[in-house]
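Undergrad: Encoded as structure tokens, here's the structure I'll be asking about.
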Amino acid sequence: LLCLGSAQIYRFTDVAVAKNHTLHALYTYYVFSTEDAPKTEGDQVSAFVRFSKLQAHSADPSQPDGSLIGYEGLQVLLYHPKESVAVNYFCCDESAVAVGNCTAEEVGQFMIVRGQHPTLYKRTVKFRAEGEQA
């Protein structure tokens, strides 16, 4: 059995976090959709993206990781280049909740407006207690 595949890996090891309420591109690469992925005869593998062991760490000694448990304002995004991301208004806030663009639980997080971003996915990067693994 011969399996051929190709993949790209971006390691977030020791990557500094951007300032609050900013949108910062770290890396851009192509991810095939399941329909467009190259296939070989008998290929049963679907295209996929996996976030593995993604975890935030504090660089501020006065705020250890354990003190930041529950913080949900750091996300990694995956989106199609044809998606329009509003670069001036992308964080959920009370005014966005009032018009139904996001929920109260999402305040401070990247805002995915329902129905407008069908191919945009986000993964919240969490802080964990000392020694706890993602």
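The sequence shown finishes on residue 225 if you use this note's numbering, and the numbering steps up by one all the way, no holes.
The beta carbon of each residue, even a glycine, is placed where N, CA and C say it ideally should be.
Of the choices L117, M202 and E185, whose alpha-carbon is the least far from that of A107?
TA: Reading the sequence shown from its first residue, position 16 is the one you call residue 107. The candidate whose alpha carbon is nearest that of A107 is L117.
Undergrad: Our contact map puts L165 next to A147 with C-beta atoms below 8 Å; I'd like the distance itself, whole angstroms only.
TA: The residue labelled residue 165 in the question sits at position 74 within the sequence shown. The residue labelled residue 147 in the question sits at position 56 within the sequence shown. Right, the Cβ-Cβ distance comes to about 6 Å (below 8 Å), so this counts as a contact.
Undergrad: Starting from the C-beta of T194, find all residues in its chain whose C-beta is less than 7 Å away, skip the five residues before and the five after it, and write them out in chain order.
TA: Within the sequence shown, the letter at position 103 stands for residue 194. Result list for T194: V188, in chain order.
Undergrad: Out of S158, S143 and H115, which one is the CA nearest neighbour of A150?
TA: Within the sequence shown, numbered from 1, the residue matching residue 150 stands at position 59. Out of S158, S143 and H115, S158 has the C-alpha closest to the C-alpha of A150.
Undergrad: How is the beta strand (DSSP E) around V167 delimited, first residue to last?
TA: Numbered from its first residue, the sequence shown carries residue 167 at position 76. Run containing V167: Q166 to Y170, per the beta strand (DSSP E) assignment.
Undergrad: Report the three-state DSSP secondary structure of A195 (helix, strand or coil).
TA: If you number the sequence shown from 1, residue 195 lands on position 104. Helix.
Undergrad: DSSP beta-bridge partners for F142?
TA: On the sequence shown, residue 142 is found 51 positions in, with the first residue counted as 1. In DSSP, F142 forms no bridge with anything.
Undergrad: Taking the alpha carbon of G161 as the point to measure from, which residue in H115, T104 and E197 has its own alpha carbon closest?
TA: Taking the first residue of the sequence shown as 1, we reach residue 161 at position 70. Of the listed residues, the one whose Cα sits closest to G161 is E197.
Undergrad: How long is the line joining the alpha carbons of G199 and S186, rounded to whole angstroms?
TA: For this step, residue 199 is matched to residue 108 along the sequence shown. For this step, residue 186 is matched to residue 95 along the sequence shown. For G199 and S186, the distance between alpha carbons rounds to 12 Å.
Undergrad: Pull up the CB-CB distance for K213 and V167, whole angstroms please, since I reckon it's below 8 Å.
TA: In the sequence shown, counting from the first residue as 1, residue 213 sits at position 122. In the sequence shown, counting from the first residue as 1, residue 167 sits at position 76. At roughly 7 Å, the Cβ-Cβ gap stays under 8 Å, so K213 and V167 are in contact.
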